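Accompanying notes for the structure given below.
Residue numbers (my numbering), protein chains in the order written: chain A, 117 to 742; chain B, 540 to 618.
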């Protein structure tokens with residue numbers, strides 16, 4: 117029920133504020149300053165694939181929505197549809213919100229590219245939205261001796277305008293006051309329902325002319341422009357650009373392994389020592405055995421690979437923030453277009469190297485239906501971070517522990533081969549599954565290069581790594597208990613697992629592995645990294661040799677033949693490259709494809725292909741007596 | 540006289556946009572490719588790869604197919 121004299125706070129409390137603007141205009145930085153939430157700020161168009169929600173720091177009742185950047189009110193791809201929802205269908209996102217429109221739209225304008233952004237602002241204004249204009253990139257304008265007069269701008273637009281440096285707390289305070297004022301005073305003028313427009317009220321040409329005139333009034337440019345060196349002269353050079361691209365990508369994957377090796381070795385040694393110490397300290401009961409050999413061993417065997425995962429996340433983050441990814445998109449558009457993909461498939465595929473789940477969502481940025489479908493279909497084939505522990509272990513088994521350089525080369529090789537498989541499958545899909553040609557288009561705005569901010573990349577990489585640990589941890593513990601029961605009851609010499617071995621053994625022997633590795637492989641269908649902890653448990657390797665040593669000397673059960681020969685290890689590497697072993701990815705794929713049929717055929721297809729490839733690799737290599 | 544498009548520009552050549560052929564190129568207009576605006580071709584990738592243009596201080600890249608939909612009247616040439 118409505119009171120006669122609502123207090124100001126009452127009318128503020130259910131408010132929703134939408135941040136809106138072009139890609140790379142600095143929205144996410146403003147969002148972080150307003151909400152204190154350290155969410156992702158990325159220097160690549162379209163990286164905010166889902167909208168983000170935060171609470172205004174000064175009054176937590178007010179919701180702030182951050183949307184993917186969009187240069188238009190007419191959507192072209194899935195992520196743009198989401199952006200527009202935060203303007204015209206807020207009630208779909210928040211059913212309790214009484215209006216389909218937000219109470220306030222903060223239009224974020226990058227001061228260096230004003231014209232077309234003012235056009236967007238004007239269109240919103242014409243629709244009747246309550247608007248606050250926030251201009252960013254103050255440091256950049258200062259550096260180029262440009263001056264922006266926000267007083268005149270505010271007067272001409274008849275809305276509050278503020279030029280901010282989001283890192284300056286004073287700026288944020290002023291912005292906060294302006295927001296409160298806009299919510300209290302101006303919102304009364306906003307119509308009750310603003311529907312999504314299908315055409316422009318004023319022809320685009322006229323709005324552009326208007327913007328040009330306005331810029332003449334508010335922006336002072338120096339008469340002589342100093343030409344600075346443009347990194348694109350090298351990085352987008354017809355020859356050097358391609359070399360640089362190859363070098364950056366190779367360097368990325370090579371450094372994951374080579375930088376992490378000393379840390380991984382140290383952690384492994386420390387962990388084995390700790391477990392050894394603990395097992396001598398605790399009385400030998402069933403319970404302590406379960407704790408040490410069930411939980412800690414499994415957990416530790418995965419945690420030693422965490423540095424690699426952190427380095428991967430860190431390097432990908434640095435690459436994203438620098439603005440190089442948009443260039444990568446450009447360099448690779450032509451080759452990808454031959455495979456039925458788009459330059460815009462590049463970032464989703466690359467983030468597939470970290471995790472398939474955000475990668476699939478990033479594919480919403482791709483406008484073409486077919487291109488988006490193929491991209492999503494092949495993303496699970498990119499080598500994600502959960503495979504790193506598995507590859508790490510398998511490569512150590514292949515080469516031993518004392519070859520960091522060679523291991524780095526092997527790791528890079530694994531990434532090359534899996535990228536090759538990914539693109540190959542994309543090409544086949546394009547050739548045989550989609551016969552009809554779809555018209556395709558590609559254009560992208562290249563952001564300015566900006567030096568990445570170390571602290572923000574570090575924080576993000578840390579959060580993502582912790583995310584991995586918290587996701588993997590419980591899974592490893594559960595699998596640990598399951599495996600412990602399976603291999604120790606009713607008694608260790610004739611356990612449930614032994615009974616199962618008659619069924620499991622024959623399936624896996626063509627791959628050159630016995631039922632013990634088979635069980636670890638089956639458990640890894642919950643999540644790939646579990647393979648390593650499961651192996652540690654099955655082979656009960658809390659010994660002084662560590663996991664590598666114990667596995668290196670493991671033999672087949674009924675013979676003296678070594679279990680992990682180059683042939684069987686390479687077979688396993690192929691299996692993990694191709695197989696679909698992540699339940700979360702299956703769930704997200706179902707959501708993004710909107711079809712169980714596609715998702716299940718993808719899953720079954722990849723598992724079968726993985727098995728066949730692994731068997732073929734093993735049998736072939738054995739012919740040449742590896 | 541044949542109609543020139545953005546694809547016909549040489550590297551570092553500047554021209555004025557005269558019209559956009561297709562209504563589906565609304566997005567390109569919103570990105571700054573408005574009739575009357577001057578554009579410079581600043582980068583050309585090999586093997587028929589995308590072209591990068593400078594429009595009012597922003598770099599925008601597009602495929603040659605997309606660029607061929609934008610007609611230009613040949614104007615000033617800076618080489």
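In this text, a Cβ means the ideal position worked out from N, Cα and C, and glycines have one as well. These numbers come from a predicted model, not from an experiment.
Inset, instruction - Taking a Cβ distance cut-off of 7 Å, strictly less, list which residues of the stretch 548-564 of chain B are near chain A, in chain order. - result: If the cut-off is 7 Å between Cβ atoms, the stretch 548-564 of chain B has nothing near chain A.
Inset, instruction - Report the rounded CA-to-CA distance for residue 216 of chain A versus residue 313 of chain A, giving the unit in angstroms. - result: Numbered from its first residue, the first chain carries residue 216 of chain A at position 100. Numbered from its first residue, the first chain carries residue 313 of chain A at position 197. Here the alpha carbons of residue 313 of chain A and residue 216 of chain A stand approximately 14 Å from one another.
Inset, instruction - Kindly indicate which three-state DSSP category residue 737 of chain A falls into: helix, strand or coil? - result: As a working mapping, residue 737 of chain A is identified with position 621 in the first chain. DSSP places residue 737 of chain A in the helix class (H, G or I) of the three-state scheme.
Legend entry - Cutoff 9 Å: residue 187 of chain A Cβ touching any chain B Cβ: Indexing the first chain from 1 puts residue 187 of chain A at position 71. Yes, residue 187 of chain A lies at the interface with chain B (some Cβ there is under 9 Å from its Cβ).
Inset, instruction - Would you mind stating whether residue 647 of chain A and residue 505 of chain A have Cβ atoms separated by less than 9 Å? - result: Taking the first residue of the first chain as position 1, residue 647 of chain A is located at position 531. Taking the first residue of the first chain as position 1, residue 505 of chain A is located at position 389. Closer than 9 Å, so yes.
Legend entry - Cutoff 9 Å: residue 229 of chain A Cβ touching any chain B Cβ: If you number the first chain from 1, residue 229 of chain A lands on position 113. Put simply, the CB of residue 229 of chain A is near chain B, with a gap under 9 Å to one of its CB atoms.
Legend entry - Runs of alpha helix (DSSP H) wholly within the stretch 256-336 of chain A (minimum 4 residues, chain order): The qualifying runs are 266-273, 285-300, 320-334.
Legend entry - Three or more C-beta pairs below 8 Å linking the stretch 246-253 of chain A and the stretch 268-281 of chain A: For the pair of segments examined, the stretch 246-253 of chain A was found to touch the stretch 268-281 of chain A: the number of CB pairs separated by less than 8 Å reaches three.
Inset, instruction - Check each residue of the stretch 313-347 of chain A: if its Cβ is closer than 7 Å to any Cβ of chain B, include it; give the result in chain order. - result: The stretch 313-347 of chain A vs chain B, Cβ under 7 Å: 320, 321, 324.
Legend entry - residue 600 of chain B - containing beta strand (DSSP E), residue span: Reading the second chain from its first residue, position 61 is the one you call residue 600 of chain B. Residues 597-601.
Inset, instruction - Output, in chain order, the set of chain A residues within a Cβ distance shorter than 8 Å of residue 609 of chain B. - result: On the second chain, position 70 is the one that residue 609 of chain B refers to. What residue 609 of chain B touches in chain A: nothing, since even the nearest Cβ is about 11 Å away.
Legend entry - Neighbourhood of residue 521 of chain A by C-beta, 8 Å cutoff - its chain only, sequence neighbours within 5 removed: Stepping through the first chain from its first residue, residue 521 of chain A is reached at position 405. Cβ neighbours of residue 521 of chain A beyond the five flanking positions: 374.
Legend entry - Check whether residue 559 of chain B and residue 581 of chain B have beta carbons under 9 Å apart: As a working note, residue 559 of chain B is residue 20 in the second chain. As a working note, residue 581 of chain B is residue 42 in the second chain. Going by C-beta atoms, residue 559 of chain B is not nearer than 9 Å to residue 581 of chain B.
Inset, instruction - Could you tell me which of A:484, A:692, A:626 sits nearest to residue 735 of chain A, measuring between CA atoms? - result: For the purposes of this step, residue 735 of chain A is identified with residue 619 of the first chain, where counting begins at 1. When each option's Cα is compared against that of residue 735 of chain A, the closest is A:626.
Inset, instruction - Could you tell me whether the stretch 317-328 of chain A touches the stretch 562-579 of chain B, where touching means 3 or more Cβ pairs closer than 8 Å? - result: With a cut-off of 8 Å on Cβ pairs, the stretch 317-328 of chain A is in contact with the stretch 562-579 of chain B, counting three or more such pairs.
Inset, instruction - For residue 545 of chain B, return the contacting residues in chain A, with the cut-off set at a CB-CB distance below 7 Å. - result: On the second chain, position 6 is the one that residue 545 of chain B refers to. Chain A residues near residue 545 of chain B: none, gap ~11 Å exceeds 7 Å.
Legend entry - Cβ pair count under 8 Å reaching 3, the stretch 391-399 of chain A against the stretch 607-619 of chain A: Cβ pair count under 8 Å is below three, so no.
Legend entry - Separation of residue 207 of chain A from residue 309 of chain A, as counted between CA atoms: The sequence position of residue 309 of chain A within the first chain is 193, counting from 1. The sequence position of residue 207 of chain A within the first chain is 91, counting from 1. Approximately 11 Å between the Cα atoms of the pair.
Legend entry - Cβ-based neighbour list, residue 715 of chain A, same chain, cut-off 7 Å, excluding 5 preceding and 5 following: Residue numbering aside, residue 715 of chain A sits at position 599 when the first chain is read from its first letter. The answer, listed in chain order, is 702, 705, 706, 709.
Legend entry - Neighbourhood of residue 167 of chain A by C-beta, 8 Å cutoff - its chain only, sequence neighbours within 5 removed: In the first chain, residue 167 of chain A corresponds to position 51, counting from 1. Exclusion of the five residues before and after residue 167 of chain A leaves 181, 182, 183, 184, 198, 199, 201, 202, 209 as the residues of its chain whose Cβ lies within less than 8 Å of its Cβ.
Inset, instruction - Taking the CB atoms as reference points, tell me whether residue 431 of chain A and residue 371 of chain A lie closer together than 9 Å. - result: Taking the first residue of the first chain as 1, we reach residue 431 of chain A at position 315. Taking the first residue of the first chain as 1, we reach residue 371 of chain A at position 255. The Cβ atoms of residue 431 of chain A and residue 371 of chain A lie closer than 9 Å to each other.
Inset, instruction - Reducing DSSP to helix, strand and coil, say where residue 543 of chain B ends up. - result: As a first step, residue 543 of chain B is located in the second chain; it is residue number 4 there, counting from the start. Residue state for residue 543 of chain B is assigned as strand, using DSSP reduced to three classes.
Inset, instruction - Could you check if residue 609 of chain A is buried or exposed, using at least 16 other CB atoms within 10 Å of its CB as the buried criterion? - result: Taking the first chain and counting its residues from 1, the one referred to as residue 609 of chain A is at position 493. It counts as exposed.
Legend entry - Segment contact flag, the stretch 554-567 of chain A with the stretch 589-601 of chain B, C-beta cutoff 8 Å, min 3 pairs: A contact exists between the stretch 554-567 of chain A and the stretch 589-601 of chain B.
Inset, instruction - Determine whether the Cβ of residue 558 of chain A lies closer than 9 Å to any Cβ atom of chain B. - result: As a first step, residue 558 of chain A is located in the first chain; it is residue number 442 there, counting from the start. Residue 558 of chain A counts as touching chain B.
Inset, instruction - To the nearest angstrom, report how far apart residue 623 of chain A and residue 509 of chain A are at their CA atoms. - result: Translated into positions along the first chain, residue 623 of chain A becomes position 507. Translated into positions along the first chain, residue 509 of chain A becomes position 393. So the two alpha carbons sit approximately 23 Å from each other.
Inset, instruction - Give me the Cα-Cα distance between residue 588 of chain B and residue 462 of chain A, rounded to the nearest whole angstrom. - result: Sequence index remark: in the second chain, residue 588 of chain B carries index 49 (1-based). Sequence index remark: in the first chain, residue 462 of chain A carries index 346 (1-based). Residue 588 of chain B and residue 462 of chain A have their C-alpha atoms roughly 15 Å apart.
Inset, instruction - Starting from residue 555 of chain B, trace the beta strand (DSSP E) both ways and give me its first and last residue. - result: Within the second chain, residue 555 of chain B is the residue found at index 16, counting from 1. Counting along the chain, the beta strand (DSSP E) containing residue 555 of chain B begins and ends at 552-559.
Inset, instruction - Give me the Cα-Cα distance between residue 364 of chain A and residue 565 of chain A, rounded to the nearest whole angstrom. - result: As a first step, residue 364 of chain A must be located in the first chain, where it is residue number 248. As a first step, residue 565 of chain A must be located in the first chain, where it is residue number 449. In a straight line, the C-alpha of residue 364 of chain A is about 16 Å away from that of residue 565 of chain A.
Inset, instruction - Would you kindly report the start and end of the unbroken beta strand (DSSP E) that includes residue 604 of chain A? - result: The residue labelled residue 604 of chain A in the question sits at position 488 within the first chain. Per DSSP, residue 604 of chain A belongs to no beta strand (DSSP E); it is in the alpha helix (DSSP H), 570-604.
Legend entry - Check whether residue 222 of chain A and residue 135 of chain A have beta carbons under 9 Å apart: The residue you call residue 222 of chain A lines up with position 106 of the first chain. The residue you call residue 135 of chain A lines up with position 19 of the first chain. Taking 9 Å as the cut-off, the Cβ atoms of residue 222 of chain A and residue 135 of chain A count as close.
Legend entry - Residues of the stretch 588-603 of chain B with Cβ closer than 8 Å to any Cβ of chain A, in chain order: Taking 8 Å as the Cβ-Cβ cut-off against chain A, the residues of the stretch 588-603 of chain B that qualify are 588, 589, 591, 595, 596, 597, 598, 599, 600, 601, 602.
Legend entry - Cut-off 8 Å between Cβ atoms - residues of its own chain near residue 158 of chain A, not counting five sequence neighbours on either side: Residue 158 of chain A sits at position 42 when you count from the first residue of the first chain. The predicted model places residue 158 of chain A with a pLDDT of 46, which falls under 50 and marks its position as unreliable; any figure quoted below should be read in that light. Once the five neighbours on either side are set aside, the close Cβ partners of residue 158 of chain A are 144, 164, 436, 437.
Inset, instruction - Kindly list, in the order they appear in chain A, the residues whose Cβ is closer than 9 Å to that of residue 580 of chain B. - result: Stepping through the second chain from its first residue, residue 580 of chain B is reached at position 41. Within chain A, no residue comes near residue 580 of chain B; the closest Cβ sits about 12 Å away, beyond 9 Å.
Inset, instruction - Work out the CA separation of residue 587 of chain A and residue 234 of chain A for me, nearest whole Å. - result: Within the first chain, residue 234 of chain A is the residue found at index 118, counting from 1. Within the first chain, residue 587 of chain A is the residue found at index 471, counting from 1. Taking the straight line from one Cα to the other gives about 44 Å.
Inset, instruction - State buried or exposed for residue 713 of chain A, treating a residue as buried only when at least 16 other CB atoms are found within 10 Å of its CB. - result: As a first step, residue 713 of chain A is located in the first chain; it is residue number 597 there, counting from the start. If you draw a 10 Å sphere on the C-beta of residue 713 of chain A, you find fewer than 16 other C-beta atoms in it, and that means exposed.
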